[in-house]
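J.:
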Amino acid sequence: MRHQILTQAKRVVVKVGSSLLASRASGLQIDRIERLADEVCAIKSTGRDVLLVSSGAIVSGVQKLGLSSYPKSLPLKQAAAAVGQSRLMWAYEKAFERLGVNVAQILLTHQDLADRRRFLNARHTLTALLNHGVLPVINENDTVSVEEIRFGDNDTLAAEVAHLVDADLLIILSDVDGVFTDDPRRNASATRIPLIAEISTEIERLAGGTSKEEGTGGMATKIQAAKKVAAYGVATLIMNGQTSGLLPGVLEGHETGTLILPHGQQLSSRKQWIVHTLRSKGQLTLDE
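Each residue of the sequence shown is one higher than the one before, counting from 14 in the working numbering.
1) If we ignore side chains and look at the alpha-carbon of each, how far apart do residue 236 and residue 48 end up?
2) How would you call residue 152, buried or exposed, if buried means at least 16 neighbouring beta carbons within 10 angstroms?
3) By alpha-carbon positions, which one of 147, 168, 125, 133 ends up nearest to residue 154?
4) Return the chain-ordered list of same chain residues with a C-beta closer than 7 Å to the C-beta of residue 71, the five sequence neighbours on each side being excluded.
5) For the region 170-183 against the region 18-25, do three or more pairs of beta-carbon atoms, one drawn from each stretch, fall closer than 8 Å, so that the two count as touching?
6) For a quick check, are the C-beta atoms of residue 209 and residue 169 less than 8 Å apart?
7) Can you check whether the CB of residue 259 is closer than 8 Å to the CB of residue 249?
8) Beta strand (DSSP E) containing residue 249: first to last residue?
9) Suppose you measure from the CA of residue 189 to the CA of residue 171; what does that come to, to the nearest Å?
10) For residue 77 and residue 137, I'd like the C-alpha separation in whole angstroms.
11) Report yes or no: do three or more beta-carbon pairs, one from the region 104-113 and one from the region 45-62, lie closer than 8 Å?
12) Give me the residue from 300, 263, 299 with the minimum Cα distance to residue 15.
13) Determine whether the beta carbon atoms of residue 178 and residue 216 lie at a separation below 8 Å.
14) I'd like the ranges of any alpha helix (DSSP H) spanning at least 4 consecutive residues and lying wholly in the region 53-78.
15) With C-beta atoms as the reference, is residue 212 less than 8 Å away from residue 233?
16) Within 10 angstroms of the Cβ of residue 229, are there 16 or more other Cβ atoms? Answer buried if so, exposed if not.
17) What does DSSP give as the partner residues of residue 114 in its beta bridges?
18) Just the Cα atoms here: how many angstroms apart are residue 85 and residue 75?
19) List the endpoints of the continuous beta strand (DSSP E) containing residue 200.
20) Please say whether residue 35 and residue 69 have beta carbons closer to each other than 8 Å?
21) Mark residue 45 as exposed unless 16 or more other C-beta atoms lie within 10 angstroms of its C-beta, in which case mark it buried.
22) What whole-angstrom Cβ distance do residue 33 and residue 186 have, given they're in contact under 8 Å?
23) Tell me the residue span of the beta strand (DSSP E) that contains residue 183.
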């Protein structure tokens, strides 16, 4: 089943986090971005559609602004994102241009997808880009996002994008080799779990938080993203993004990472949108 899911995936969303692209001390790592571009283009060359969900704007902006620490206040985070996003896209533009691939910047908030008309407009735009061989590079619109309209982390954003474009597979690139029986950084005996049929409470317990202040998502958010797309009928592969050459190989069936299977009866796109994208809200008025 694993081999079939990976080799037959035709539309793939790849999510890459800040820690794989940049650091507060040195900013964007151009060599890593170029390597990512090489591997994404290797996937595209097989005829697959690829969409890239990329973090890194805030960390890049922090370095460019010379801030001594990662910003805590929302306005300063938004300012750093405004500075860093243009630098991030410039780096992607250069990296993919040398390979003959055009890129397009797509910035989203949860509000964009919670409105059905805007959701469909975004879907049509992304479909048009894919039909013309363009690589969409998607990020949260941090400069305008406030708590009420934030996705919260790009793992969640990637899950929503997978639904938006009817993807077959979500690949989340991490700094570890997948989901383990324990934290491999602290327990050398921890072993990788190659396949998860269903995300149980035990799997959720195994997922820890982030240890890097530059990022907002640890393994816990990756597991929650996988749980969300599983309900969309989409599989998730959590794998190491630091090891060169792994990304194209997994779609040829090479064994790496943790594959989380989809489950349940697949709803129509509109019903999925109602159930999983809209947020519950209400108001209670007591008339005395």
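Glycine included, every Cβ here is placed at the ideal spot set by N, Cα and C. All of these numbers come straight from a predicted model, not from anything done at the bench.
T.: According to the data block:
1) The residue given as residue 236 occupies position 223 in the sequence shown. The residue given as residue 48 occupies position 35 in the sequence shown. Cα-Cα distance, rounded: 26 Å.
2) Counting from 1 along the sequence shown, the entry for residue 152 is found at position 139. Counting every other CB atom within 10 Å of its CB across the protein chains shown gives residue 152 a total of 16 or more, marking it as buried.
3) Working through the sequence shown from its first residue, we reach residue 154 at position 141. When each option's Cα is compared against that of residue 154, the closest is 125.
4) Position 58 of the sequence shown, counting from 1, holds the residue named residue 71. Here the set comprises 90, 93, 94, 97, 155.
5) Contact between the region 170-183 and the region 18-25 is present, because at least three Cβ pairs lie under 8 Å.
6) Position 196 of the sequence shown, counted from the first residue, corresponds to residue 209. Position 156 of the sequence shown, counted from the first residue, corresponds to residue 169. In this structure, residue 169 does not lie closer than 8 Å to residue 209 by Cβ.
7) In the sequence shown, counting from the first residue as 1, residue 249 sits at position 236. In the sequence shown, counting from the first residue as 1, residue 259 sits at position 246. At least 8 Å separates the beta-carbon of residue 249 from that of residue 259.
8) Taking the sequence shown and counting its residues from 1, one reaches residue 249 at position 236. Unbroken beta strand (DSSP E) run through residue 249: 248-253.
9) Mapped onto the sequence shown, residue 189 falls at position 176. Mapped onto the sequence shown, residue 171 falls at position 158. Going from the Cα of residue 189 to the Cα of residue 171 covers about 18 Å.
10) Taking the first residue of the sequence shown as position 1, residue 77 is located at position 64. Taking the first residue of the sequence shown as position 1, residue 137 is located at position 124. The straight-line gap from Cα to Cα measures roughly 35 Å.
11) Enough Cβ pairs lie closer than 8 Å, so yes.
12) Within the sequence shown, numbered from 1, the residue matching residue 15 stands at position 2. The residue among 300, 263, 299 with its C-alpha nearest the C-alpha of residue 15 is 263.
13) In the sequence shown, counting from the first residue as 1, residue 178 sits at position 165. In the sequence shown, counting from the first residue as 1, residue 216 sits at position 203. Inclusion of residue 178 and residue 216 in the CB contact set at 8 Å is not warranted, their separation being larger than that value.
14) As far as the region 53-78 is concerned, its whole alpha helix (DSSP H) runs of at least 4 residues are 70-78.
15) Residue 212 sits at position 199 when you count from the first residue of the sequence shown. Residue 233 sits at position 220 when you count from the first residue of the sequence shown. The answer is no: Cβ separation not under 8 Å.
16) Counting from one through the sequence shown, the residue named residue 229 turns up at place 216. Residue placement at residue 229 is flagged as unreliable, the pLDDT there being 43, under the threshold of 50; a coordinate-derived value is accordingly withheld.
17) Against the sequence shown, residue 114 aligns to sequence position 101. Per DSSP, none; premise fails for residue 114.
18) Counting from one through the sequence shown, the residue named residue 85 turns up at place 72. Counting from one through the sequence shown, the residue named residue 75 turns up at place 62. Between residue 85 and residue 75, the C-alpha separation is close to 12 Å.
19) In the sequence shown, residue 200 corresponds to position 187, counting from 1. Taken as a continuous stretch (DSSP letters only), residue 200 belongs to no beta strand (DSSP E), as it is neither H nor E.
20) The count along the sequence shown starts at 1 and reaches residue 69 at position 56. The count along the sequence shown starts at 1 and reaches residue 35 at position 22. The answer is yes: Cβ separation under 8 Å.
21) Indexing the sequence shown from 1 puts residue 45 at position 32. Its Cβ being crowded by 16 or more others within 10 Å, residue 45 is buried.
22) Counting from 1 along the sequence shown, the entry for residue 33 is found at position 20. Counting from 1 along the sequence shown, the entry for residue 186 is found at position 173. The beta carbons of residue 33 and residue 186 sit about 6 Å from each other, so the pair counts as a contact at 8 Å.
23) Here residue 183 refers to the residue found at position 170 when the sequence shown is read from its first residue. Going by DSSP, residue 183 is part of the beta strand (DSSP E) stretching over 182-187.
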